[in-house]
Amino acid sequence: MTTDDARTRLDRLWQRGREFLGCDAAILGGAMSWVSERHLVAAISNAGGFGVIACGSMSPDLLDAEIKGTQALTDRPFGVNLITMHPELDALIDVCAANRVGHVVLAGGLPSAKSIKRAKDGGAKVICFAPALVLAKKLVRSGADALVIEGMEAGGHIGPVSTSVLAQEILPVVKDVPVFVAGGIGRGEAIVSYLEMGAAGVQIGTRFVCATECVAHEKFKQAFIKASARDAVPTVQLDPRFPVIPVRALVNKGTERFMDTQRQVIERFRAGELDQKAAQLEIEHFWAGALKRAVMDGDVENGSLMAGQSVGMVTREQPTAEIIAELVEQATEALRAKVA
Ligand SMILES: Cc1cc2nc3c(=O)[nH]c(=O)nc-3n(C[C@H](O)[C@H](O)[C@H](O)COP(=O)(O)O)c2cc1C
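Take 672 as the starting number for the sequence shown in the numbering used here and just add one per residue.
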């Protein structure tokens, strides 16, 4: 098989994802709070992928400005990722509609059928995260147009199941909508393997953090370049009475202080100094604003260095177009070599 034939085969393999997203390479740039703003999002879409703005805790006005800012930098399609527990979710969905955003990703908890409908009524295709097969089926019944299945190798908030297991459980069964695979993808060979299992495309976050166009602080990027896979670990919960949502991030002083804080809070709870609710709140508040401190201010000691295990494959700063071209080349070469 020639390289051209292999590229045609790749395009056929992710055709459903390309058509759904309206782009050349069915690679979603996973929305990363503070990181996925207009520059990186536009760069990913301009390079043939599909950029996604991370709304995070933005107000409707800020989101409106970010969408317009992105539209000024690219004519290509891009999406917006909204966190379902945002208190102004409805208003944010309406901002997407007013700006004719084609794809809305509803993340951070199971979206209601009402939210899915509101986004669809606004003209967007809706992409939802499915953490298990039963929920994937439920989301399709609720009107989701596509799903992302994200394994625990990913950076940021994670579930308990690995990407490879989720892919085996969900890809052979869910055929009604395109399914994108996320978590731990750092090379094109892995993309091919998930496409061959039935994925429509992939979603990648960590690999894009050190893109030249990404506005993350130089120290944040350097931390990624230095780190290996084993440095990206989930937060540890010390006591089941005080649940901690697992977040995969690079270990730093902040991670150590988080363990100390949990220990101290639990001690104070045992001593009767804090009730359960106050103790839980103290633990939950520990990381408030921590991702922003790391990404924007470069506080890599105390901030949160959310990163996936694929961080080991981030070795230098490079233009977004080069990252996407590299992934596509590796995928093409993997297909060519297989048939050869
Ligand atoms: C720094 C960082 C911030 C993230 N923030 C968000 C977010 O705000 N919303 C979201 O849905 N996912 C978030 N994610 C997850 C990504 O969108 C993506 O699904 C994930 O990075 C894919 O796995 P990978 O890192 O192994 O490529 C974040 C990931 C990272 C590394």
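Built from N, CA and C at the ideal position, the CB exists for glycine as well.
First through last residue of the beta strand (DSSP E) which encompasses Cys799: Lys796 to Phe800
Among Ala803, Arg878 and Thr877, which residue has its Cα nearest to the Cα of Leu842? Ala803
When the Cα atoms are used, what is the spatial distance from Ala696 to Phe721? 8 Å
Can you tell me whether Glu1000 is buried or exposed? The criterion is at least 16 other CB atoms within 10 Å of its CB, across all chains shown. exposed
In the DSSP assignment, find the beta strand (DSSP E) that holds Ala803 and state where it starts and stops. Taken as a continuous stretch (DSSP letters only), Ala803 belongs to no beta strand (DSSP E), as it is neither H nor E.
When you compare the CB positions of Thr991 and Thr883, do they come within less than 9 Å of one another, or not? yes
With a cut-off of 8 Å on the beta carbons, I'd call Phe691 and Pro849 a contact; round off their distance for me. 5 Å
For Leu945, collect the residues of the same chain with a Cβ closer than 6 Å to its Cβ; drop the 5 residues on either side in sequence, then sort them by chain order. Arg939
Can you look up Gln989 in the DSSP assignment and give me helix, strand or coil? strand
Using CA atoms only, rank isn't needed, just tell me which of Met868, Glu993 and Met729 is closest to Ser1013. Since the displayed the chain opens at 672 and closes at 1011, residue 1013 lies outside it and no answer follows.
In chain order, what residues of the same chain have a beta carbon less than 6 Å from the beta carbon of Gly693, not counting five sequence neighbours either side? Pro748
Go ahead and label Asp675 buried or exposed: buried means 16 or more other beta carbons lie within 10 angstroms of its beta carbon, across all protein chains shown. exposed
Beta-carbon separation of Ser899 and Val982 under 9 Å? yes
Between the Cα of Lys739 and those of Gln947, Asp761 and Glu708, spot the shortest distance and give me the residue it belongs to. Glu708
Looking at Val832 and Val776, is the spacing between their C-beta atoms short of 9 Å? no
Ala817 bridges to which residues according to DSSP? Ile798
Let me know the secondary structure DSSP gives Met977 once reduced to three states. strand
Does the region 806-824 come into contact with the region 778-789, if we say contact requires no fewer than three beta-carbon pairs (one atom in each stretch) closer than 8 Å? yes
Does the distance between the C-beta of Thr926 and the nearest non-hydrogen atom of ligand 1 fall short of 8 Å? no
Does DSSP put Pro911 in a helix, in a strand, or in coil? coil
Ordered along the chain, which non-local residues of its own chain (more than five positions away) have a Cβ less than 6 Å from that of Ala702? Val723, Ala725 and Asn752
Following the continuous alpha helix (DSSP H) through Ile829, name the residue where it begins and the one where it ends. Segment: none, Ile829 is in no alpha helix (DSSP H) and carries neither H nor E.
Hey, how far is the Cα of Val836 from the Cα of Ala713? 32 Å
For Val873, tell me which candidate among Thr926, Arg771, Arg789 and Ile798 has the shortest Cα-Cα distance. Ile798
From what residue to what residue does the beta strand (DSSP E) around Ala920 run? Val918 to Leu921
Kindly list the residues whose CB is nearer than 8 Å to the CB of Phe929, restricted to its own chain and excluding five residues on each side of it in sequence; keep chain order. Thr906, Phe957 and Trp958
Is Arg858 near ligand 1, in the sense that its beta carbon is under 8 Å from a heavy atom of that ligand? no
Find the nearest neighbour of Pro914 within the set Val886, Arg941, Lys948 and Gln893, judged by alpha-carbon distance. Lys948
Does the region 783-792 come within contact of the region 762-775, defined as at least 3 CB pairs closer than 8 Å? yes
Per DSSP, what kind of secondary structure is His872 in: helix, strand or coil? Looking at the sequence itself, residue 872 is Gly, so the reference to His does not match. Note: Gly872 maps to strand in three-state DSSP.
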